[in-house]
Structure formats: C-alpha cells, structure tokens
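Structure first, then comments.
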Amino acid sequence: MGINSKNLLVLEIISDAMSREILENMLVKFNLFLVEETDIIDIDKPNRSKLVIQFEDESALDLFNKERELWQNDDPNDAILTYAQRRDLFNCIENIRNVSREDRIGPRLKKYFDNPVLFPKGFFIVNIDVWYNGDRTNIIETENIIKTALGTQGSKLLGDLFKIPSLLLGRVQVNEFTLNALLDLDIISLVDLPLSTVSTEQYELYSVDFEPIINDTLGENAPLAAVLDSGVFSANPMLNNVIVAEEEFDTTENTTSDLNGHGTGVAGIVVYGDFDKCIDSKIFTPLVRICNGKIMHNENGDVCFPADKRPEQIVKEAIEYFHKEYNCRIFNLSAGDMDHLYKGGRQFAWAEMLDQLSRNLDIVIIVSAGNVLDPVINDFDLRDALMASCRDQLFMPEHRLIDPATSALSITVGSITRFDEPEITQNRGVRLSAGAKNYPSVFTRIGRGINKSIKPELVDYGGNYAVHQISRGDTRWYKNDRNLLEPTLHNGNDKIFKGYCGTSFSAPHVTHIAARIERALEEQIGVSPSANLIRALLVNSAKYTPEMVEWTENSFDALHTGMDNPKQDRRLRLIGFGKADDSILYSNERQVTLFAEDEIDLRSFHLYKIPVPNEFLTVHAEKRIAVSLAYNPVTRLRRDINIF
C-alpha cells in the first residue's frame, strides 16, 4: 500500500503481551496497515517492539485517538472496540507517538552518531528510503523536496529514485549538515550508510592506465593446473610466462588463443588467485603454472563446444592428454549443460565420465556448479527483502545442479558475492545489490547431488548482480556493474583486467588452492599425494564467516515437505562446507595440519591419536578441530565421496 507520512504512528509495545489476535483485531477494526515491526534493543526494558502503523486517512486516525481516550477514562461503553478489546489492546502499548528523527537513523549510521569520532569527514554516500503514497505523479515533487533540502553546495541526489510499493529508494551524497537536513524531513523513512564504502570512481583494477607490477618467481617445480576452456590469451603480460603447454581440442577457430575472454578470465584466477588483495600494492605474484586446453570456441559472445564432438569426448581427450604428457593432476572445468537439470535418480553421463577419469587417473577435477542466466526477480518492499528473496529463490527447481556439476568425485564450486554496493551512476536510476558480501550469488546453483551428497562442496567469489529500473516499476537485472564483478584478466591488448560474473570464476579460486596443496604435499612426503588426500585437505580448509552461517540458516525453502527443515541442511545445500582457505598450506603457533593415508579392510576401523596441546584445552578462545575423510568406495555401483 502507498504511504502518507502524515497518517503514520509509532506504537511501542510489550512484545509478550500483544498476541497475534490482538494485533490482527487492531488492524481490522481501524483499517490499519502494518508498515514496519522491529525489536527495541534496551537492556532495561526487554521484550519491547516498535510498530509503525498507517491510517487510511485523518478521520481513521481520529477514531483511534477517540478509542484511546475512552480507555484512559475507563469508559465501560462499547465503541469501535468492546470494553475488553480496548483494555487488552491499550494495556499492551507503552507509548504512542509520531515518527521521529531517531526513527529515521539506520543501524549502521547510528553507530556513527553514538561515536562522533568515527563520523565521516567531508562528503560521503548514504542510502535513503522515502515514503511513497503510490502516486507516480508525486515522484518528481518528492525528488525536488529532497534536492531543496540538500542545497547547492556539493550535496546531491545520485540518480533517479527506485520505486517499490511503499517506498522510493535512493542514494545521496551528503555532508554532516545536509545529512541532518534529510533526517528532519517528514517524507524520509530511513537514512543509513551503505553496506560498504561506495566510490564515485570506477573499480580501479579495470582502469586502462592501471599498471601492475609482476613478481614472477615461478620455477619448473611450481604448482601446475590445466584450464579446459575457450583458450587463453597468452599475449596478456600477466600470462605469457606461466603457460607450460597449449593444445587445441576444439579446432573451430584454428588457434589456441581465446577469442571469447571466458578462458582467459578463468586462467587468470587459477594462476594468481585473488586479484583484489593486490590492488593497493599493485604487486601481483603468479603461484600456479597452467596448461591451456582449448575445448570450446566463441560463438556470438557465448562459449560453445564443437558441433562434431560430444562434450564428454572432447573433455576426456584433453584430460588424458595433459595427464600423460605433463603429469598434470589438477583440472579446472568451468562448463556445463544447462538443459540437463538434476532431478534425482541416476548420474549424468558427463559427470559419470569425470568420476571414471578421477578414479582411474587419480586426479582432482574442479567443476563449476553452473549459472541461472535470468533468475526470477520476486516482489520486494525493502532492500533487505530483496536479498532475502534472492537467497530463498535458490531453492527453486531452476537452480538445481546441471551436468557435470553432480560429479561425485569432482569438487563442485558455487558462487558467493565479494562486493555488495553497486557503482554510482550519475543521472541514472539507483541500483540495488542482490546480496551482501559472502552471501550466495543470486545466479548460482545449489545441491544436493546424487545419493543426497553435499553439492556444491565449496563456494568462492564469483560476482554479484544488481537490480535497476528501466522505467518506474519495470525492474530488471543489471549483470555488469563494475563494482560487483569478480576481477580477473582480459583477452585483449586495450587493457589487462576485466570483470565477470558466474560460478565459472568461482571454480578457479578453488583450483588455484588445490594445485598449491598438491605441490606442498609432494614436497613433504616425497611422492605424489593421492587425489583423495588433496580433496580431503581442500575441503578441510573451508571456513564459514558468521554472516554466511546466519544468512543461510535463516533461509526458507518453500518446497520442503518434511516435518522439519534443519538449518544445517539448508546451509549445506547453499554453500557446502564454505570457502576454501590457503592458510591450510602453512603451520604456525596458532594452526597445524595433520594428514594420513591408509587402507581399511571391510568391517574394521582405525583409531588415530591427535596430539592436542594443553593450551588448546585450557585457554578460553575461539578454536576448532576440523576432521575430513575422503575415499573412493570399493564398489562402482555408488560413485560418491564422503567428507565429514
């Protein structure tokens, strides 16, 4: 419903006293709309909530005030409410007031008001939520009111307001004085700082004049991984010294070079890992060498397999070739068949082929979970509601895994977001992020896999989408916001870096760590480690942030039919075991990694003693012991990997 700020009241209530029946009766009798319901954080007064209610018009507001007056006078006569209903309602209410300046201060902004030393200096960006009565003809007038309050000294409204049913959402450049002017406006519902710092400049890495410093110290014994993709643009100065071998398995273009960009983007992350960490120093250190296996070609901007061969065949040829000729044991495959959606039952042919290769060659294959090209945009009434609906949408059938992401012995990787605030777009509409940092990307696919296995096992950064409005109310995805893309390398001479979105660029983050784990293990034990050991350590390295746990466990699966829907089950389906971390490669005073390889006979077990220092047991601190077991089943009737 539309909002008129003059017809709003704030009710501060005792949460336990106001039952759902009392609340519903109040809304019905006075024809009210519940605009907002939030908890009041007050140690001295627990169990308090704040309701923002809207009256249809001033006469409805007068009726409510008359009923309140009857309660104050303990009048026994019935009016709109009976005596008992009136007593039950107003006994729950501690305070009735108009919307105040304090109600308009968002939680992130409130931290700065509580500690003035932290308050931003000069100009900074804030998000504004503006009450909207549903009348489009008033939007321009509303914008003019805001512009007048901001003045002409540098503060300004950035782009057009974004319309949702009860609010207009905007972004404003303010200083301390114009911020206070906004907070005094009755039409303002909320002012808050963005999720993270927003720059008015483009993402620095994509600038044409960005000049990286390449610290190339890779030797012949450096980690090695094969990139099976659309080729690699070897002329990129950050790749020309790290390519060990190149082979063309898709001969459509008669070159191993990348004419699409997808393969170069994947290869860049496999070689360097996280580009974002290197921006400040501009020093980029390659850590993994690559084999370039061209298995796809460019076709009108898309990557495609050749028409004369099945994907299974061409991928098998590439894996067997690089394994035989270069002893490569780590493979990245960021491709899939979107027409083959996993609905339960038997394994897909492509995935089964990868399982067979993994077993026979003792190799590790990293597979992307796959993308949904145009996810559904559900209706939303707040920024947070948009993010929640994007998360819960992932449980819908169209977000299930595709072939070969169900491969049981491969490591499947889904996408999470790294950046959460879209770029500033002058004279254009506001964009809203589909997820905060470390949330599942709106386009990713989720599990479970075959035999209800945990898929994807891991997640990593793969970009983020934003929504924008072509016209008022016509909401669409914006998939190429420079502030939300995952940075990697470009396949052209005009610039070095480019950004992408997709699980295709999540998988190479994991491939990068897997290749380094393989080489680190080989140096320690003197022989090539088994694929099982590499997989076990890779998954053991995975971690959740507290935000990842809270966000995924608060999800809602509308398709769940059981008696209960465990939080852990939803978390594992969305983000598996978490994000892989290269800290597992090192031991220090605060961390140690132990590993063992063994064979266990049927119907028997082994006991392993884990040495734990006394300090670990006695010191009160955050700590954990993570145990992972990876194995290939004896029988091939069940192709699965069990990791605990």
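The numbering used here applies: residue 3 is where the sequence shown begins, and numbers increase by one. Glycine residues also receive a C-beta, built at the ideal position from the N, C-alpha and C atoms. Just so you know, these numbers come straight off a predicted model, no measurement behind them.
Alpha-carbon to alpha-carbon, residue j and residue i
i	j	result
L384	A632	43 Å
K454	K345	11 Å
I498	I271	13 Å
T257	P308	14 Å
Q471	V432	8 Å
Y274	D583	14 Å
F421	A247	34 Å
D231	S391	33 Å
G265	N294	9 Å
F507	G501	10 Å
E488	C503	6 Å
R447	G267	20 Å
G303	N493	13 Å
L639	Q349	Low per-residue confidence applies at L639: pLDDT is 45, beneath 50, and the placement is therefore not dependable enough to give any value.
T653	E145	Since the first residue shown for the chain is 3 and the last is 646, residue 653 is missing from the structure and cannot be characterised.
I15	E23	14 Å
R641	V529	Only weak support is given to the placement of R641: the predicted model assigns it a pLDDT of 43, under 50, and the value that follows is read from those uncertain coordinates. The straight-line gap from Cα to Cα measures roughly 26 Å.
Q358	A351	11 Å
T154	I148	12 Å
C330	I452	27 Å
K318	P615	47 Å
A410	C306	24 Å
T637	E354	At T637, the pLDDT of 46 sits below 50, so the modelled position is not reliable; the number obtained from the coordinates is stated separately. Distance between the alpha carbons of T637 and E354 is about 14 Å.
K123	I426	19 Å
L53	T40	7 Å
Near the ligand PLP: residue i beta-carbon under 8 Å from a heavy atom
i	result
L25	This structure simply doesn't include the ligand PLP, nor any ligand for that matter.
Cβ-based burial, residue i [other Cβ within 10 Å; buried from 16]
i	result
D381	exposed
I367	buried
Y205	buried
N466	buried
L396	buried
E591	exposed
A560	exposed
Y648	Outside the displayed span of the chain (3 to 646) sits residue 648, for which this structure offers no information.
F57	buried
K47	exposed
P78	exposed
M3	Bear in mind that a pLDDT of 40 at M3, under 50, signals an unreliable position, so the model cannot answer this.
Whether residue i touches residue j by CB criterion (9 Å)
i	j	result
F98	L11	Per the sequence presented here, residue 98 reads as Ile, with Phe not at that position. Contact flag set, yes.
P568	W479	no
Y588	H511	no
V541	S417	no
F286	S259	no
L356	L335	yes
V37	S168	yes
G233	E222	no
L220	P288	yes
V101	L184	no
A516	A227	yes
L65	F32	yes
R572	E555	yes
I456	F579	yes
D194	L111	yes
I141	L170	yes
Selection from the options that minimises the alpha carbon distance to residue i
i	options	result
D59	H608, F35 and A517	F35
G161	I519, L604 and P424	P424
T490	M240, L187, G578 and N294	M240
V174	D310, V200 and I166	V200
L363	F333, W352 and E524	F333
G372	R361, V461, H299 and P288	V461
A628	Y546, E601, I602 and S606	Y546
L434	L539, D310 and L197	L197
N485	S7, K439 and P399	K439
A62	K311, Q87 and K8	K8
V594	I586, D600 and E601	I586
D186	L171, I107, A320 and L13	I107
E69	I245, K52, D218 and D90	D90
I527	L596, M28 and E104	L596
S209	D137, D496, I245 and K481	D496
D252	Y328, D310 and K284	D310
Practice problem: Return the chain-ordered ranges of every alpha helix (DSSP H) run that is complete within the region 145 to 233 and spans a minimum of 4 residues. | Solution: 178 to 185
Practice problem: Starting from the N-terminal side, write out each stretch of the beta strand (DSSP E) that is 3 residues or longer and does not extend beyond the region 380 to 462. | Solution: 413 to 418
Quiz prompt | Any beta strand (DSSP E) of 3 or more consecutive residues that is wholly inside the region 346 to 376 | solution = 366 to 370
Exercise. Would you mind listing the alpha helix (DSSP H) stretches within the region 532 to 569 that are 4+ residues and don't spill past its ends, in chain order?
Key: 533 to 542 and 548 to 555
Quiz item: What are the start and end residues of each continuous beta strand (DSSP E) run of 3 or more residues lying completely inside the region 236 to 280, in chain order?
Solution: 245 to 250
Practice problem: With a floor of 4 residues, list each alpha helix (DSSP H) that falls wholly inside the region 92 to 150, ordered by position along the chain. | Solution: 109 to 116
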